[in-house]
Structure formats: C-alpha cells, structure tokens
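Asks: Residue 1 is where the sequence shown starts when you use full-length UniProt numbering, and the numbers rise one by one after that. This structure is in structure tokens; I'll ask about it shortly.
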Amino acid sequence: MTEPETDSERDIDAETDGGVAESDTSETDPAKNGAADGEAGGSVSIAAPDIGSDAIDRVESVLESGMLADGPEVRAFEDEFAAYCGAERAVATSNGTTALHAALEALGLEDGEGVITSPFSFVASANAIRLAGGTPVFADIDPETYTLDPSAVERVLTERDDVVGIMPVHLYGLAADMKAIGDLADEHDLFVLEDACQAHGAEIDGDRAGTLGDAACFSFYPTKNMTTGEGGIITTDRNDVADRAAGYVNHGRDVGDDASYEHIELGHNHRMTSMAGAVGRAQLERLPEFNRQRRENAAYYDEQLAELPIETPTAPEGYRHVYHQYTIRTEDRESLAATLDEHGVDTAVYYDTPIHRQPAYETVSTAAETLPNAERAAETVLSLPVHPSLSERDRRTVVDAVQDHFHPQ
Ligand SMILES: Cc1ncc(COP(=O)(O)O)c(C=O)c1O
Numbered sequence: 001m002t003e004p005e006t007d008s009e010r011d012i013d014a015e016t017d018g019g020v021a022e023s024d025t026s027e028t029d030p031a032k033n034g035a036a037d038g039e040a041g042g043s044v045s046i047a048a049p050d051i052g053s054d055a056i057d058r059v060e061s062v063l064e065s066g067m068l069a070d071g072p073e074v075r076a077f078e079d080e081f082a083a084y085c086g087a088e089r090a091v092a093t094s095n096g097t098t099a100l101h102a103a104l105e106a107l108g109l110e111d112g113e114g115v116i117t118s119p120f121s122f123v124a125s126a127n128a129i130r131l132a133g134g135t136p137v138f139a140d141i142d143p144e145t146y147t148l149d150p151s152a153v154e155r156v157l158t159e160r161d162d163v164v165g166i167m168p169v170h171l172y173g174l175a176a177d178m179k180a181i182g183d184l185a186d187e188h189d190l191f192v193l194e195d196a197c198q199a200h201g202a203e204i205d206g207d208r209a210g211t212l213g214d215a216a217c218f219s220f221y222p223t224k225n226m227t228t229g230e231g232g233i234i235t236t237d238r239n240d241v242a243d244r245a246a247g248y249v250n251h252g253r254d255v256g257d258d259a260s261y262e263h264i265e266l267g268h269n270h271r272m273t274s275m276a277g278a279v280g281r282a283q284l285e286r287l288p289e290f291n292r293q294r295r296e297n298a299a300y301y302d303e304q305l306a307e308l309p310i311e312t313p314t315a316p317e318g319y320r321h322v323y324h325q326y327t328i329r330t331e332d333r334e335s336l337a338a339t340l341d342e343h344g345v346d347t348a349v350y351y352d353t354p355i356h357r358q359p360a361y362e363t364v365s366t367a368a369e370t371l372p373n374a375e376r377a378a379e380t381v382l383s384l385p386v387h388p389s390l391s392e393r394d395r396r397t398v399v400d401a402v403q404d405h406f407h408p409q
C-alpha cells in the first residue's frame, strides 16, 4: 500500500457537499471546489482531498491514450471496486446522485411508487427517488446513530401500501441497521438500496457496505473517503440489476457481448469518464490507509473529548465506522462553532435542514409520520475535521479549541 501524501494546505468548502460551513469560508475558490490556501490563519480544514502523484500519472496515461470517455480504465475500476466491497458487480457513474437514480431505475421503481428513506441526509438521497419517478417516504432516524430507525420504518409500512423499497443512508460513515431493515424488506417484499455515498469501507460484522442490500451506491465527491473529482458507482450481486443499470447509464443501450446501437429502454448519459476511473483506481489503493487514519483521528477525539458536555459518535457492536464525518452533538452548537473558528478550526453542519423541510419539498407530501429525531439532530449536530490529512498538531488544535470552549483558561 502506498503511503498517503498529505497536503494540509488544501481545504474544501463544506457548502459544496450540502453541509453548512459554520466557519468563515470567504477565502474559497470555486474553481477548486472551494479549495483554498490554508496558510491564512493556519486553519484546520473540514476536508482535504489527497490526490497523490500516482493518480496524476495514471490520468496522464489516460489522456495520452485518447480513450477519454467510457473505456477499459472504467471497467478496471468497476472490477476493483466490486472486489473491494466483496460484491459481484459494479457499474460506475458520473456521480453519486446518478448512481442512485440509475440503481432505482434498474431495481424497477415505477412512477408514483414509494421508497422509504431518511429525512436526515444530503438532499440527493430523496432527489434521486423523485428523479426516478418515485415518492420519497420519510421515516425517522435513530437519535444515537442518525441512521434510519427500523421501528419507524415498520410504522410507515403499516400506514402505506404504495411502498416498494427501502433506501437506508449510511450517514457519516456508519452503516444503518441493515439486519432489521433487511428483515422488514423480506417480510414486505421490498427492495433495499443502500445509500453508501458516505460509507466506503464501512462494515457490519465484517460485511462491507456495498453488499448489505440488493444494490448500493457510492459517491466520489472530493470530500468523500476517496474521490474521483465527481463520480459514483453502483455495487450489486444481482446480474439483472447490474445489466439494467449499465444500460441505463448509457442511454438504455444493450450491454450484451454484441452491444450495438440497439437501445432497449429509455436511459440517460450517466457515464464515468476514463480520467475519473484512473483517479478512482489510485484512490482505491489508498482507501484502507485513508480509513485507518480517519478511525485513528476519531479514536483520539473520543478519548480527548470524553469528559466534556457533548455527545461523541457511537457505533453499535460489530459496526466498523469509517468516519466520513466526526459529528458531535451539543445544545451549544453556534457558540462552540464560533470558538472553534476563533482557533482556526473549520466546522460544518450536516445537515441543518431535514429534507422534508427543504423548500423543494414543500409541495411534495412525503412524510408519513412526524420526524422529531431528525429535526432535533438538525438543530444540534456539528462536524469536526477528521480527514486523513490532519497532522498531529491539527488534531491537538481541534481538541484544545473544544476544551477551551467548555473550560476557558
Ligand atoms: C448521503 C449522500 N447521498 C447522495 C449523495 C450524492 O452524491 P454526489 O454528490 O456524488 O452526487 C451524497 C453526496 O454528497 C451523499 O452524501
């Protein structure tokens, strides 16, 4: 495994990922996804994509090859990502949203059918259901894990008969309760699509996200545990779903051996580029080390922040959290964020508005029950920098700042 190279002078604006940056991000440059030179104020950024020289070399080779759109580089990335998850198949896409959209089409979602999902996620989760013609039906989250609460899903299922699938979101790098959700799906004959956009490498009892439902989708946005710039992928053990998704992302083109310009159903262009595939292959080699560092940073915070009046993240027994975010909970969020900002530490709120409260959802009657846990989480969560490019000094700065807030010297 290549040693990760760190570059703490790059950071990223949390707002591009749907979160709300609590700190001042006025230095950001949209041309670099908000990447800014970190020297100003010596800030500890909330995210910092680490693109090594290996990825750059691979992209150069792709550019020289002239095979820029779909091609062997993307096929190789699909095979390698599927193998990493332990899934049979993978279909690469242009981003996580298009992965979810194509997966829902491939799972056979029909117009007007309901899919139960979490109201406490990036809006893309529910948008994908609407884009595929379905209706998002929100069930509340568990207040400890922030993921879909199976008992809330069960209540929704007793109230509605239009539901055909469940789309749990593995939020912040922690898998949802897939055993209980899978049991409900079996009982009611529903599909399960994992929104694993934030959970590359997360596990339950040794089984990886990407293999815990009928299909799963990942995002490779720059803040994620690995990136391709923009990019996404679907994993599945089901050949019917993989074939249909591969067709859907390529205008419904026949994906058989004799693939020609025969388009067997309506589709889209949701394809990944070969440059993105090349970056993905290089990043995937480093993902185990990236995740190890995230987990080490999280363990350090757990220990150092244990005595303070905040809730630190929890993971149920047997769950491997990969800390896409290290999200604490506090009634004192705004003033804590302000103190951290004064110490040069970026923070972000993922998410301050639950999806059912978004203006774009005003006219969509999607909630089947009240959602107090999601509403409460939106008012109290705060994410601290946990990415693998943090130095020891960065981590200490974060801890000192939080301690200083509660116990000023
Ligand atoms: C939970 C979740 N679902 C879906 C998406 C959509 O992925 P993308 O931004 O790659 O379209 C994201 C990305 O931020 C996400 O965090």
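By construction, the Cβ of each residue, glycine as well, lies at the ideal position given by its N, Cα and C atoms.
Tell me whether Lys224 counts as near ligand 1, meaning its Cβ is closer than 8 angstroms to at least one heavy atom of that ligand.
Replies: As a first step, residue 224 must be located in the sequence shown, where it is residue number 224. It does: the Cβ of Lys224 is within 8 angstroms (strictly closer) of some heavy atom of ligand 1.
Asks: Please state whether the Cβ-Cβ distance between Ala139 and Thr158 is less than 9 angstroms.
Replies: Taking the sequence shown and counting its residues from 1, one reaches residue 139 at position 139. Taking the sequence shown and counting its residues from 1, one reaches residue 158 at position 158. No.
Asks: Between which residues of its own chain and Ala315 is the CB-CB distance below 6 angstroms, once the five residues before and five after are set aside?
Replies: Residue mapping note: residue 315 aligns to position 315 of the sequence shown, counting from 1. Leu174 and His321, listed in sequence order.
Asks: Would you kindly work out how many angstroms separate the C-alpha atoms of Ala31 and Pro49, rounded to a whole number?
Replies: If you number the sequence shown from 1, residue 31 lands on position 31. If you number the sequence shown from 1, residue 49 lands on position 49. Interpretation of Ala31 is limited by its pLDDT of 33, a score under 50 that renders its predicted location unreliable; the figure taken from the coordinates is listed afterwards. Within the model, the alpha-carbon separation for Ala31 versus Pro49 is close to 14 angstroms.
Asks: Quick check on the DSSP output: the alpha helix (DSSP H) that includes Ile116 runs from which residue to which?
Replies: Taking the first residue of the sequence shown as position 1, residue 116 is located at position 116. From DSSP, Ile116 is part of no alpha helix (DSSP H) but of the beta strand (DSSP E) over Gly114 to Thr117.
Asks: Any chance the CB of Glu303 is under 8 angstroms from a heavy atom of ligand 1?
Replies: What you label residue 303 is simply residue 303 of the sequence shown in a count that begins at 1. Answer for Glu303: no, Cβ out of range of ligand 1.
Asks: Rounded to the nearest angstrom, how far is the Cβ of Ser94 from that of Leu171, given a contact under 8 angstroms?
Replies: Your numbering for residue 94 matches position 94 in the sequence shown. Your numbering for residue 171 matches position 171 in the sequence shown. Not really, about 23 angstroms apart at Cβ, beyond 8 angstroms.
Asks: Measuring from the CB of Asp195, is there a heavy atom of ligand 1 at a distance below 8 angstroms?
Replies: Against the sequence shown, residue 195 aligns to sequence position 195. Yes, since a heavy atom of ligand 1 falls inside the 8 angstroms radius drawn around the Cβ of Asp195.
Asks: Consult DSSP for Val249 and reduce its assignment to one of helix, strand or coil.
Replies: Locating residue 249 in the sequence shown gives position 249, counting from the first residue. Reduced to three states, the DSSP call for Val249 is coil.
Asks: Alpha carbon to alpha carbon, how far is Val398 from Glu334?
Replies: Against the sequence shown, residue 398 aligns to sequence position 398. Against the sequence shown, residue 334 aligns to sequence position 334. In a straight line, the C-alpha of Val398 is about 16 angstroms away from that of Glu334.
Asks: Taking all protein chains shown into account, decide if Thr236 is buried (16 or more other Cβ within 10 angstroms of its Cβ) or exposed.
Replies: The residue given as residue 236 occupies position 236 in the sequence shown. Classification of Thr236: buried, given that the 10 Å Cβ count is 16 or more.
Asks: Residues in its own chain within less than 6 angstroms of Ala124 by CB, not counting five upstream and five downstream?
Replies: Within the sequence shown, numbered from 1, the residue matching residue 124 stands at position 124. Thr97, listed in sequence order.
Asks: Kindly identify the DSSP beta-bridge partner or partners of Val91.
Replies: Indexing the sequence shown from 1 puts residue 91 at position 91. DSSP lists Ile234 as partners of Val91.
Asks: Near Asp302, what residues of its chain come up, given a Cβ to Cβ distance below 6 angstroms and the 5 sequence neighbours on each side ignored?
Replies: The residue you call residue 302 lines up with position 302 of the sequence shown. Correct list, in chain order: Thr312.
Asks: Give the range of the beta strand (DSSP E) segment to which Ser219 is assigned.
Replies: Along the sequence shown, one-based indexing puts residue 219 at 219. Counting along the chain, the beta strand (DSSP E) containing Ser219 begins and ends at Ala215 to Ser219.
Asks: Across the stretch 271–286 and the stretch 59–76, are there enough close Cβ pairs to call them in contact, namely three or more that are closer than 8 angstroms?
Replies: yes
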